[in-house]
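Down below is the structure, laid out as structure tokens.
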């Protein structure tokens, strides 16, 4: 029998589930086999709530589930038509604000943005494409920072650092000119392992490990095998 | 009063083009042009991309022969990453690419013959337009239609198993490939349920050849005289003179069989081939430099390949090749409709090669990419024989691995001048001194273009519909006659 000590009861989409005290809504949902999509939230790092795709409704207010801790008796709406469309609109905005050409992208099949577009059955975005003029920065010996595909989720900034805690990636500029850039000085000495991890952690194809592409055959990529979220939904 | 006839779009070809024919006051053809009116721009927008994206990006040029672009680009990048000059891959690397390429050859040639061209043979150039398509074939010769559909399916299955997808896969990467072929996958193609297995494909390839040869026997004057004119012929051949569509040297012969390009290294193609730009078409006009624009143009594709090679390294295809060569007493064959004959011999050749490769245990090897690589280069050239002819890919990269220059000479581009000459020849034969231009006359012009299987890019046979517009204009530009079929 499940040990309910240190657990509290919450209501998620009309279903009573037990959540660990101190956990966030995203964590509680996942531990109960319910998938709430995330971009900026990455396991092992502090949540930042900058992408808003994990938004849920509590007392009719939108809240980011990656930063909101559960409380006893909390009633949460997540998988409603309204919220699904809200999340889909965020995916669409991310597509139209960059230049995402899946057919020739190395990350296709492993890309979380593409996988979510499939999950939300996105066909044509409701917003006009902005076709920003962006370049790929290939000046680093190991990494290409492809700005056309960056969704500024901050994962690379948070997770890729050296032993002294110095970050290889950082924000540059503000507002619509905001970019995630690779530190040209520190980045020059980035290790192979860290460069590869940066590519893995990037949810899209914005960080590419140089000289190696398309070596994973079609059909064997992560979301070729199962749709995003199904690894959580299928565990229960 | 002189007239100008426009055929737009040209149907049952891959892509969008139009034909204009100028008649003088005596209703004689005085000028004709095949215009390619679509613009792609891949050479420009591949610039600034990482070099390893090229094989995946440029194949989007086409949905019919993407494998050709995919492999030509990968061969160019093999040079850049230091994996030899096109022949430095591991056994599994080269054989998987060959299998993919022959699969593509097989399906593309079959698509062209059965779906696009066989209606002209079965129903005649002047047959009912409503029947001159694959549906018409299915209604009158079900067996032939089923063969066409299933043979194409088999070729696409070969591509799917080697490249991951039937269209726009990712199998070839710089220095090798990204997957091998398991014994179970080989068996899927060798022992697949009837008719989807390699032996059946060889058998059906032979029967398709018989179909054409019988038609030829009964209509040899019509076939032989249609758009027949002397030309040069160019293709890759293996170093020993064998037909090889993956790798070799460049060879060209003139209309009498004299070598005018003697097995030269394709990495120096720019020393031998130049392209002319004309104002009325987006497609360039390549020619052999040393012969000049007037005498240096050449044909490529199945007919050219069988005119340049010495033999075919597959027993059944070799037998057919000997019969083909004997028909012109060993001299180059300059008859445009014999493209179909040559194409069907290549279908048989592809079926034999696919079958033999599937028995090769090297396909199960794990050394997919060349491990010990030579020095990285900033420039690479890859040339292969695509179904429609010789295909050149040329790339330059900068120190940061980004592409700075791309030059693609696509197979159909090589055939630009001969296609224009075929249009002129057919227009003269069918339209001269006729006051009224009829639908069969227009179709005859299209039959001449269709023989080359031109890939004007991306469009396919208009299934059940053949939109064709023709306008006859007077010298002052006003419309004298307008014909439309849809």
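Chains as they are written, first to last, in the numbering used here: chain A, 1 to 236; chain B, 1001 to 1486.
Beta carbons: idealized from backbone N, C-alpha and C, even for Gly.
Using a CB distance cut-off of 8 Å, residue 1371 of chain B does not count as an interface residue toward chain A. Less than 8 Å separates the beta-carbon of residue 1388 of chain B from that of residue 1454 of chain B. The C-beta of residue 178 of chain A has fewer than 16 other C-beta atoms within 10 Å across all chains shown, which makes the residue exposed. For residue 229 of chain A, there is no enclosing beta strand (DSSP E), since its DSSP letter is neither H nor E.
Under the three-state reduction of DSSP, residue 189 of chain A is assigned to helix.
Residue 1117 of chain B sits in a helix when the DSSP states are folded into three classes. The beta-carbon distance between residue 1395 of chain B and residue 1054 of chain B, rounded to whole angstroms, is 6 Å. This is short enough to meet the 8 Å contact definition. With a beta-carbon spacing of about 33 Å, residue 1141 of chain B and residue 1233 of chain B fall beyond the 8 Å limit used to define contacts. For residue 1401 of chain B, the chain A residues whose Cβ falls inside 7 Å of its Cβ are 138, 210 and 211, in order along the chain. Closest option to residue 1086 of chain B, judged by alpha-carbon separation, among B/1072, B/1106 and B/1346: B/1072. Listed in chain order, the beta strand (DSSP E) runs fully inside the stretch 1230-1286 of chain B are 1232-1237, 1249-1253, 1259-1264 and 1273-1276, counting runs of at least 3 residues. With a cutoff of 8 Å on beta-carbon distance, residue 1242 of chain B and residue 1309 of chain B are scored as near each other.
In this structure the stretch 118-136 of chain A lies against the stretch 78-90 of chain A, because at least three pairs of beta carbons, one per stretch, are closer than 8 Å.
For residue 216 of chain A, no alpha helix (DSSP H) segment is defined, and its DSSP state is neither H nor E. Bounds of the beta strand (DSSP E) holding residue 1404 of chain B are 1403-1409.
Collapsing the DSSP output to three states places residue 235 of chain A in coil.
Apart from the 5 residues on each side of it in sequence, residue 209 of chain A sits with its Cβ closer than 6 Å to the Cβ of 195, 196 and 199 in its chain, given in chain order. The straight-line gap separating the alpha-carbon atoms of residue 75 of chain A and residue 10 of chain A is approximately 6 Å. When DSSP reads this structure, residue 1396 of chain B sits in a beta bridge with B/1379 and B/1405. At least one C-beta of chain A is nearer than 8 Å to the C-beta of residue 1060 of chain B. Setting aside the 5 residues that flank it on each side, residue 1155 of chain B is surrounded in the same chain by 1103, 1106 and 1107, each with a C-beta closer than 6 Å to its C-beta; the list follows chain order. Chain A places no beta carbon closer than 8 Å to that of residue 1307 of chain B, leaving this residue out of the contacts. Between residue 1050 of chain B and residue 1316 of chain B a beta carbon distance of about 43 Å is seen, past the 8 Å cut, so the two are scored as non-contacting. Put simply, the CB of residue 227 of chain A is far from chain B, with every gap to its CB atoms at 8 Å or more.
Minimum Cα-Cα distance from residue 106 of chain A among the listed residues A/65, A/215 and A/227 corresponds to A/215. Here the stretch 1023-1037 of chain B lies against the stretch 1433-1448 of chain B, with 3 or more beta-carbon pairs under 8 Å apart.
Residue pairing by DSSP places residue 19 of chain A opposite A/8 in a beta bridge. In chain order, 1086 and 1087 place their CB closer than 6 Å to the CB of residue 1247 of chain B, counting only its own chain and leaving out the 5 sequence neighbours on each side.
Ranking A/32, A/117, A/53 and A/120 by CA distance to the CA of residue 40 of chain A puts A/53 first. Boundaries of the alpha helix (DSSP H) harbouring residue 1218 of chain B: 1198-1218, taken from the DSSP string.
The beta carbons of residue 1178 of chain B and residue 1170 of chain B sit closer together than 8 Å. Taken in chain order, the members of the stretch 1027-1054 of chain B whose beta-carbon sits within less than 7 Å of a beta-carbon on chain A are 1048, 1050, 1052 and 1053. The residue from B/1176, B/1162 and B/1235 with its alpha-carbon nearest to that of residue 1091 of chain B is B/1176.
Taking residue 1079 of chain B as the centre and dropping the five residues before and after it, the same chain places the C-beta of 1085, 1086, 1267, 1377, 1379, 1380, 1381 and 1382 closer than 8 Å to its C-beta, in chain order. Beta-bridge partners of residue 1031 of chain B (DSSP): B/1022.
Between residue 1342 of chain B and residue 1302 of chain B the beta-carbon gap is near 4 Å, inside 8 Å, which marks them as a contact.
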